[in-house]
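Visitor:
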Amino acid sequence: MNKFFYLASQSPRRKDILDQLRAPYQLLKLVEGPNSAADFDETPLKNENPVDYVRRAAFVKADAGWKYLVRHDLEQAPVLAIDTTVTVDNNILGKPEDATHARVMLRRLSGRSHQVLTAVTMKFGDTIVRELSTTDVKMKKLEDNEIEAYIGTGEPFGKAGGYGIQGIASIFISHIAGSYSGVVGLPIYETSELIKKFGFSLL
Numbered sequence: 480m481n482k483f484f485y486l487a488s489q490s491p492r493r494k495d496i497l498d499q500l501r502a503p504y505q506l507l508k509l510v511e512g513p514n515s516a517a518d519f520d521e522t523p524l525k526n527e528n529p530v531d532y533v534r535r536a537a538f539v540k541a542d543a544g545w546k547y548l549v550r551h552d553l554e555q556a557p558v559l560a561i562d563t564t565v566t567v568d569n570n571i572l573g574k575p576e577d578a579t580h581a582r583v584m585l586r587r588l589s590g591r592s593h594q595v596l597t598a599v600t601m602k603f604g605d606t607i608v609r610e611l612s613t614t615d616v617k618m619k620k621l622e623d624n625e626i627e628a629y630i631g632t633g634e635p636f637g638k639a640g641g642y643g644i645q646g647i648a649s650i651f652i653s654h655i656a657g658s659y660s661g662v663v664g665l666p667i668y669e670t671s672e673l674i675k676k677f678g679f680s681l682l
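Positions in the sequence shown are counted from 1; adding 479 to them yields this note's numbering.
1. Hey, would you say residue 601 sits closer than 8 Å to residue 541, going by beta carbons?
2. My assumption, with CB atoms under 8 Å, is that residue 502 sits in contact with residue 681. Please give the rounded CB distance.
3. Give the list of continuous beta strand (DSSP E) stretches no shorter than 3 residues that lie fully inside the stretch 615-666.
4. Kindly give me the distance between the Cβ atoms of residue 521 and residue 612, rounded to whole angstroms, as I take these residues to be in contact under 8 Å.
5. Between the Cα of residue 567 and those of 553, 618, 539, 524, spot the shortest distance and give me the residue it belongs to.
6. For residue 641, which residues of its own chain have a beta-carbon under 6 Å away from its beta-carbon, when the five flanking residues on both sides are left out?
7. Can you have a look at residue 658 and say buried or exposed, based on whether 16 or more other CB atoms are within 10 angstroms of its CB?
8. Can you give me the start and stop residues for the alpha helix (DSSP H) that residue 717 sits inside?
9. With DSSP as the reference, label residue 499 as helix, strand or coil.
10. Just verifying my parser: in three-state terms, what is the DSSP assignment at residue 670?
11. For residue 547, which residues in the same chain have their Cβ closer than 6 Å to its Cβ, ignoring the five residues on either side in sequence?
12. Indicate the three-state DSSP secondary structure (helix, strand or coil) for residue 485 in the structure shown.
13. Which of the three DSSP states, helix, strand or coil, is assigned to residue 546?
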């Protein structure tokens, strides 16, 4: 029976959620380089749909985390990895490269609904378990001055779709159907169901 699992993510939001749940995890700090989760190429494959993309991304990160702990002779335990993407019109919106890119993303999301997909994967040896959270999010119509002010906060950067629902962008969200925590970056229900399969309980 495993006493803990590894979290292969540097996201403070995901760590905060696991801490709130008192989950038995340790942070797996991957060194930058070939075959590391941090080295994952976030470019979608040709004709890859958003669901396949986010599932693949989470798997690649979990696999890289497992290989890392084996290679460095760390204590073996399940590796949890997550990937979140925003999709609109079946197109993937990744993390904005700069202010211009963030502006384009926010204008595309303005006044309409989009989906946030978060794939959760846990790997232990040859055992791999996956879950997927899908959430519909409606953003109000944004004025140009709101977009510029939001970009000025710096919050859009490093976040899929160019916004963080747990931050000031929450004032833009008029409706959500699905998992709020999934939009933040770690769907609590799906994650709890997944780790149960490896013998972990949050109660």
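Heads up, the beta-carbon is just placed ideally off N, CA and C, and yes, glycines get one too.
Guide: Judging by the given coordinates:
1. Taking the C-beta atoms as reference points, residue 541 is found nearer than 8 Å to residue 601.
2. The pair is a contact, with the Cβ atoms about 6 Å apart (cut-off 8 Å).
3. You should have 652-656.
4. No, residue 521 and residue 612 are not in contact; Cβ-Cβ is about 19 Å, not under 8 Å.
5. Comparing Cα-Cα distances from residue 567 to each of 553, 618, 539, 524, the minimum goes to 618.
6. Non-local beta-carbon contacts of residue 641 in its own chain, meaning distances under 6 Å to residues more than five positions away in sequence, involve 575, 581, 584, 585, 635 in chain order.
7. Looking at its Cβ environment, which holds 16 or more other Cβ atoms inside 10 Å, residue 658 is buried.
8. Any answer about residue 717 is impossible in this case: the structure gives the chain only from 480 up to 682.
9. DSSP, reduced to helix, strand and coil, places residue 499 within a helical segment of the structure shown.
10. In the structure shown, the three-state DSSP call for residue 670 is helix.
11. Cβ neighbours of residue 547 beyond the five flanking positions: 509.
12. Of the three classes helix, strand and coil, the one that applies to residue 485 here is strand, per DSSP.
13. In this structure, DSSP gives residue 546 a helical state, which the three-state scheme calls helix.
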